[in-house]
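*Asks:* Below are the C-alpha cells for one structure; questions will follow.
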Amino acid sequence: MDPWSIGLAVLVVVGLAAVVFGALYDRARNRRRAAEMLAPPDRVIPHFRADAPTPHYLSELQARRPAEEARPAVLDDATRAEVERQLAADSGPDVGSGWASADFVTDAATGWAVLEDPVVLVCADEVASLRELLGLLERLLLSRTPLVLVAPRVSREVLATLEVNRIRGLLAVVVVLVGDPAARDALASGCGATAVDRADRQAGYLPPEALGRCRRWVSTDRRSLAVTRETSAA
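Under UniProt numbering, the first residue of the sequence shown carries the number 1, and numbering increases by one thereafter.
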C-alpha cells in the first residue's frame, strides 16, 4: 500500500475518533448542565435534621375520632332545664340559624352545642382561609376560651379544621352561618361585638374590643341564643 494511502486512512480514523469523542463529550456536558438547572438549589433549611423520623399524619377517620380525654361532658338534668328556660325566655340576642355542623354538638341527648363564657367573633363576610383566624385561635387555645364564629359563609377547609379541633377536644367552638347582615349586626350589638371584615382578619387585627362575650351560647339545629341575662327558675 502506498504511504499516502496509509496516511489518508490514519487521518480518517483519527477524524472519526475525534468526532465521536466530541459528540460524547458534548452529550455528557449537556446532561450535567440540565441536571444542574433542574436540581433544587443548595440551601440550608433551619432546624432540619436528615436523621429526623418521618412525621406521622392522622387519617381523616383518626382525626375525627374523639380522644378519650376529650369526650364532651354530658349536661346534667339541672343544666338542661336551665338551658330550656333560657331558650324559652329569649335570654339574650338570638338568630334563626343553628350550628353549621353536627360535629359542634356538645350534648348528644339534646343535639345542643353549649359553650360557657365564650368569645363571639362576628364576621362581615366569608371566612375563606384559616389564616384569617390563626392569631385569635392561638390566643384562645392557650387560654382555653371557647369560640363562637358567626359569618355569612365559611370555606370547607376552615369548617373542617374547626370541626376536628372540636372533636379532638383542642378547642370548644361552634360555627353559626348567618346570611342576613341585619341579623348579624343585631347579634353583634347584643354581645358587644363589632363585625370584622376580611381585610382586618387577614392583617391579624382582632383586638379584644372587637370580640363579643356572653354568659352562655346555645345552638340547636335551627336557632342560636347568646345568653346575656339571668333567667329565674319558674
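Every residue gets a Cβ at the ideal spot worked out from N, C-alpha and C, and that includes glycine.
None of these values were measured; they are calculated from a predicted model.
Under 8 angstroms: do the stretch 135-145 and the stretch 99-116 share three or more Cβ pairs, one atom per stretch?
*Replies:* No, because fewer than three Cβ pairs between the stretch 135-145 and the stretch 99-116 fall closer than 8 angstroms, the two stretches do not touch.
*Asks:* Residues in the same chain with beta-carbon distance under 8 angstroms from A195, minus the five sequence neighbours each way, listed in chain order, please.
*Replies:* Taken in chain order, the residues that qualify are V122, C123, A124, R184, D185 and A188.
*Asks:* On the DSSP bridge assignment, give the partners of G111 in chain order.
*Replies:* For G111, which the question treats as bridged, DSSP gives no partner whatsoever.
*Asks:* Pull up the distance between the alpha-carbon of A160 and that of A113, whole angstroms please.
*Replies:* Cα-Cα distance, rounded: 17 angstroms.
*Asks:* List, from N- to C-terminal side, the alpha helix (DSSP H) runs of 4 residues or more that fit wholly inside the stretch 96-143.
*Replies:* Listed in chain order, the complete alpha helix (DSSP H) runs (minimum 4 residues) inside the stretch 96-143 are 134-143.
*Asks:* Hey, could you find the ends of the alpha helix (DSSP H) V164 is sitting in?
*Replies:* V164 -> alpha helix (DSSP H) spans R156 to I167.
*Asks:* Give the DSSP-derived three-state secondary structure of L187 in the structure shown.
*Replies:* DSSP places L187 in helix when its eight states are reduced to three.
*Asks:* Select from A226, G190 and L141 the residue whose C-alpha is nearest the C-alpha of R216.
*Replies:* Here the closest residue by C-alpha is A226.
*Asks:* Answer with buried or exposed for E163, where buried requires no fewer than 16 other C-beta atoms within 10 angstroms of its C-beta.
*Replies:* That one is buried.
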